[in-house]
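Shown next, in structure tokens, is the structure this report addresses.
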């Protein structure tokens with residue numbers, strides 16, 4: 001079997017090895033030690049002479065890091081190497097991957113990752129194929145890498161990087177990213193100036209509590225279906241959110257500084273879930289909810305919203321409505337507006353399946369609730385209701401009925417046979 005030998009002469013001159021000038025004394029000791037096997041010592045002498053005559057590297061006074069870089073580049077060019085693109089099912093590969101991950105020791109305090117740098121011969125070939133960067137809980141990471149060097153990256157996951165402050169501008173224009181997750185990165189202050197990630201599907205900035213502004217959305221971002229901004233300190237959404245025509249889920253839970261929603265939200269015709277829970281400065285919804293008939297879940301719990309606009313009746317696919325109060329919330333007239341005869345508009349009657357009116361300070365439930373014939377879950381906890389309307393019997397799909405922390409009803413009406421559970425700890 002042919003072998004390639006590339007000697008490295010470190011703190012020694014090749015000529016000294018060749019003529020064995022400075023090592024003669026050492027060989028005298030070996031000849032004494034192995035006097036019964038002098039042929040063995042002679043083989044060592046011959047081997048050293050042969051190695052000294054082979055072309056290799058002489059470190060001399062060069063910096064060690066520079067020397068190693070040149071050495072690796074030459075080796076990679078000499079070797080005929082390939083990279084594993086699909087190693088699924090390859091015997092023995094899992095143990096090697098696990099060993100590599102243990103060496104990286106992601107999450108430990110003494111691990112410092114400051115960027116992506118390809119050594120000569122692999123920078124453009126290896127990183128071109130990289131599709132997933134997972135750096136969860138990297139405690140010393142302060143800036144994300146330059147993603148221009150990984151043009152085919154699809155997933156960037158950096159949960160819990162507590163001192164990460166800056167997201168590199170290159171991320172904002174990356175063409176292949178489908179998932180960006182910065183969950184719990186509490187120190188992020190700087191995001192790219194714009195977002196124009198045409199392949200992006202999910203963006204998670206959950207609990208990035210120093211993010212107070214969302215960049216402008218530009219270009220075609222119709223693949224973005226999930227936008228999670230819960231726990232940020234934004235005061236508003238950019239009007240360019242209307243460009244996200246594929247958005248299905250908008251999570252703004254606990255955005256304590258959010259004061260209003262832009263009208264361009266009406267462009268989001270595929271929007272299904274809107275969570276505004278805990279937005280303590282958001283005191284009203286948009287008056288005319290046109291073009292968002294697709295909304296199925298709307299949660300305005302723990303907000304100062306005092307009245308839901310009558311146009312909520314336009315949300316003909318609404319299945320879940322949660323309105324637990326932040327202070328003094330929706331009035332009796334809100335429930336009246338659920339009556340399709342009052343709205344003269346397509347109503348919620350055929351679509352609403354979950355209604356949460358807990359801690360609403362209601363004293364009476366109107367008979368109109370009986371028109372919500374698709375309702376399967378009803379929560380009236382924390383109200384001052386002493387009498388339930390007889391129209392409840394019309395709710396033939398109702399299963400759990402929750403009346404916790406209420407004044408004990410003086411009597412219960414006939415309930416639909418579909419009821420499977422009543423919680424009434426008064």
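Residue numbers (full-length UniProt numbering): 1 to 426.
Ideal placement from N, C-alpha and C gives every residue a C-beta, glycine not left out.
Other residues of its chain near residue i: CB distance less than 8 Å, five sequence neighbours each side excluded
i, result
"residue 175", "151, 197, 198, 199"
"residue 209", "186, 231, 232, 233"
"residue 353", "319, 320, 374, 375, 376, 377, 397"
"residue 165", "142, 143, 187, 188, 189, 190"
"residue 436", "Absent from the model: residue 436. The displayed extent of the chain is 1 to 426, so no value can be given."
Run of the alpha helix (DSSP H) containing residue i, from where it starts to where it stops
i, result
"residue 29", "24-33"
Identity of the residues DSSP links to residue i by a beta bridge
i, result
"residue 400", "421"
"residue 180", "156, 203"
"residue 134", "157"
"residue 190", "166"
"residue 254", "In the DSSP output, where bridge partners are listed per residue, residue 254 has none listed."
"residue 321", "298, 355"
"residue 266", "Looking at the DSSP assignment, residue 266 forms no beta bridge with any residue, so it has no partner."
"residue 373", "DSSP, once it has assigned bridges, lists no residue as partnering residue 373."
Cutoff 6 Å; reference residue i; Cβ partners in own chain excluding five residues on either side
i, result
"residue 203", "180, 227"
"residue 358", "324, 379, 381, 382"
"residue 132", "155"
"residue 206", "183, 228, 230, 231"
"residue 171", "147, 192"
Check: residue i C-beta below 8 Å from any heavy atom of the ligand NAP
i, result
"residue 319", "The ligand NAP is absent from the structure shown, which contains no ligands of any kind."
Extent of the continuous beta strand (DSSP E) to which residue i belongs
i, result
"residue 298", "297-299"
"residue 378", "377-379"
"residue 364", "First-last for residue 364: undefined, no H or E at that position."
"residue 227", "226-228"
"residue 249", "249-251"
"residue 392", "No beta strand (DSSP E) holds residue 392; DSSP gives it neither H nor E."
"residue 275", "273-275"
Cβ pair residue i, residue j closer than 9 Å
i, j, result
"residue 283", "residue 305", "yes"
"residue 400", "residue 419", "yes"
"residue 395", "residue 373", "yes"
"residue 157", "residue 135", "yes"
"residue 376", "residue 362", "no"
"residue 467", "residue 247", "Residue numbering for the chain in the displayed model covers 1 to 426; residue 467 lies beyond these limits and cannot be assessed."
"residue 297", "residue 274", "yes"
"residue 295", "residue 322", "no"
7 Å CB neighbourhood of residue i in its chain, flanking five on each side removed
i, result
"residue 241", "217, 262, 264, 265"
"residue 276", "252, 282, 299, 300, 303"
"residue 237", "214, 261, 262"
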